[in-house]
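Quick note, in this note's numbering, the sequence shown goes up one by one and the last residue is 331.
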Amino acid sequence: MEKTQAKMKVLQEQLYRCLAGELSISQFETWLYAQDDLMAEVVRPGFMLDLVSLDYRKRSIQEDLRSLVVNRFGNEDYLLGMTYWLCKALMNSMSVSQVISSIDRMKSVFKYDLEYGLYRQFYYYDDVFDLSLYSRAIDVKENIIEIKRLASSVIRITDHSKLEQKIQMLEEGIEFEGEDLGSKVEVDWERFDFGDYTSSTKKQPFSESEVSIKRKKWYVFWN
109 MEKTQAKMKV LQEQLYRCLA GELSISQFET WLYAQDDLMA EVVRPGFMLD LVSLDYRKRS
169 IQEDLRSLVV NRFGNEDYLL GMTYWLCKAL MNSMSVSQVI SSIDRMKSVF KYDLEYGLYR
229 QFYYYDDVFD LSLYSRAIDV KENIIEIKRL ASSVIRITDH SKLEQKIQML EEGIEFEGED
289 LGSKVEVDWE RFDFGDYTSS TKKQPFSESE VSIKRKKWYV FWN
């Protein structure tokens with residue numbers, strides 16, 4: 109029984125890594141078919157049979173896989189698993205674009221469900237990036253540190269807390285108090301790619317011409 113549970117836990121981890129973009133669909137499929145002990149379960153109706161019956165070449169495979177995972181493990185487990193691995197990606201991000209990409213994936217996971225306080229926290233930091241395109245008064249470095257600080261705390265709580273505390277984290281978000289262990293993050297700024305975002309901490313606005321150019325970029329993007 110314990111061996112079966114351990115195998116399922118590893119499978120869960122690989123599924124969430126795949127859905128979070130840590131593993132490609134083809135990498136997950138290759139890994140899955142190489143697990144002889146798991147493949148032995150395919151002979152009887154159940155989750156494993158459903159899993160290997162999926163068409164991993166379909167365009168909808170991500171959604172098909174997500175639906176299967178939610179039905180098997182439940183929505184809260186799915187949210188916790190996805191948030192954990194997306195936070196891992198955030199901690200490894202070395203550019204603003206990678207950070208924003210992970211937060212965008214977070215949005216798709218929560219589907220803009222504002223009842224989850226943790227989601228609202230990530231959503232806030234994403235908005236700060238948008239605002240930083242129009243004002244140098246916003247410190248992008250500070251925003252990145254706060255995001256990684258939050259991600260670090262999510263990982264720590266997920267690794268060391270009971271299920272009730274993890275669900276509470278999802279629902280209420282995270283409050284930092286004192287020298288929170290999850291708040292200690294370091295970023296190699298010399299290698300960090302800011303792209304179109306300024307790393308300047310000067311408290312001065314963009315000039316009118318700079319704002320005009322940025323607004324034009326946004327207009328082109330949305331139209």
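Note that the Cβ used here is the ideal one computed from N, Cα and C, for glycine as well.
Secondary structure of residue 203, DSSP reduced to three states: By one-based count along the sequence shown, residue 203 stands at place 95. Residue 203: strand per DSSP, three-state reduction.
Which listed residue (224, 297, 247) has its alpha carbon closest to that of residue 280: Position 172 of the sequence shown, counting from 1, holds the residue named residue 280. Considering only alpha carbons, the answer is 224.
With DSSP as the reference, label residue 234 as helix, strand or coil. Residue mapping note: residue 234 aligns to position 126 of the sequence shown, counting from 1. Helix, per DSSP.
Minimum length 4: unbroken alpha helix (DSSP H) runs contained in the stretch 133-219: The stretch 133-219 contains these whole alpha helix (DSSP H) runs: 133-141, 144-147, 155-160, 169-181, 183-200, 204-218.
Would you tell me roughly how many angstroms separate the C-alpha atoms of residue 273 and residue 210, rounded to the nearest one? Locating residue 273 in the sequence shown gives position 165, where the first residue counts as 1. Locating residue 210 in the sequence shown gives position 102, where the first residue counts as 1. Between residue 273 and residue 210, the C-alpha separation is close to 23 Å.
Could you pull out every residue in the same chain whose Cβ sits closer than 7 Å to the Cβ of residue 275, ignoring the five residues on either side in sequence? Sequence index remark: in the sequence shown, residue 275 carries index 167 (1-based). Scanning its chain for C-beta atoms nearer than 7 Å, with the 5 sequence neighbours on each side dropped, one finds around residue 275 the residues 184, in chain order.
CB residue 163 to CB residue 176, shorter than 7 Å? Along the sequence shown, read from residue 1 onward, the residue named residue 163 stands at position 55. Along the sequence shown, read from residue 1 onward, the residue named residue 176 stands at position 68. No. Outside cutoff.
With respect to the alpha helix (DSSP H) encompassing residue 59, which residues constitute its N-terminal and C-terminal limits? The requested residue 59 does not occur in the structure, where the chain is confined to residues 109 to 331.
Nearest-angstrom Cα separation, counted from residue 192 out to residue 303: Locating residue 303 in the sequence shown gives position 195, counting from the first residue. Locating residue 192 in the sequence shown gives position 84, counting from the first residue. Distance between residue 303 and residue 192, taken at the CA atoms: about 26 Å.
In chain order, what residues of the same chain lie with their CB nearer than 7 Å to the CB of residue 63, ignoring the 5 residues before and after it? What the structure shows of the chain is the stretch from 109 to 331, and residue 63 is not part of that stretch, so it cannot be assessed.
Residue closest to residue 237, alpha-carbon to alpha-carbon, out of 298, 115, 305, 123: Position 129 of the sequence shown, counted from the first residue, corresponds to residue 237. The option with the nearest alpha carbon to residue 237 is 305.
Quick check: residue 124 and residue 190, are their CB atoms within less than 7 Å of each other? Along the sequence shown, read from residue 1 onward, the residue named residue 124 stands at position 16. Along the sequence shown, read from residue 1 onward, the residue named residue 190 stands at position 82. Cβ atoms of residue 124 and residue 190: closer than 7 Å.
I'd like the span of the alpha helix (DSSP H) that includes residue 272, first residue to last. As a first step, residue 272 is located in the sequence shown; it is residue number 164 there, counting from the start. Per DSSP, the unbroken alpha helix (DSSP H) holding residue 272 starts and ends at 271-280.
Below 8 Å on the Cβ atoms is my contact criterion, and I expect residue 264 with residue 202 to pass it. Report the Cβ-Cβ distance as a whole number of Å. In the sequence shown, residue 264 corresponds to position 156, counting from 1. In the sequence shown, residue 202 corresponds to position 94, counting from 1. At roughly 21 Å, the Cβ-Cβ gap does not stay under 8 Å, so residue 264 and residue 202 are not in contact.
Proximity test, Cβ basis, 7 Å: residue 217 and chain D: Structure shown: chain D not included; a single protein chain is present.
One question on the structure: do residue 278 and residue 194 come within less than 7 Å of each other, judged by their Cβ atoms? As a first step, residue 278 is located in the sequence shown; it is residue number 170 there, counting from the start. As a first step, residue 194 is located in the sequence shown; it is residue number 86 there, counting from the start. The criterion of a C-beta distance shorter than 7 Å is not satisfied by residue 278 and residue 194.
Can you check DSSP and say which residues form a bridge with residue 301? As a working mapping, residue 301 is identified with position 193 in the sequence shown. Residue pairing by DSSP puts residue 301 in a beta bridge opposite 203.
For residue 292, the three-state DSSP class (helix, strand or coil): The residue you call residue 292 lines up with position 184 of the sequence shown. Coil, per DSSP.
Residue 217 versus 114, 174, 144, 267, residue with shortest Cα-Cα distance: Here residue 217 corresponds to residue number 109 of the sequence shown, with the count starting at 1. Considering only alpha carbons, the answer is 174.
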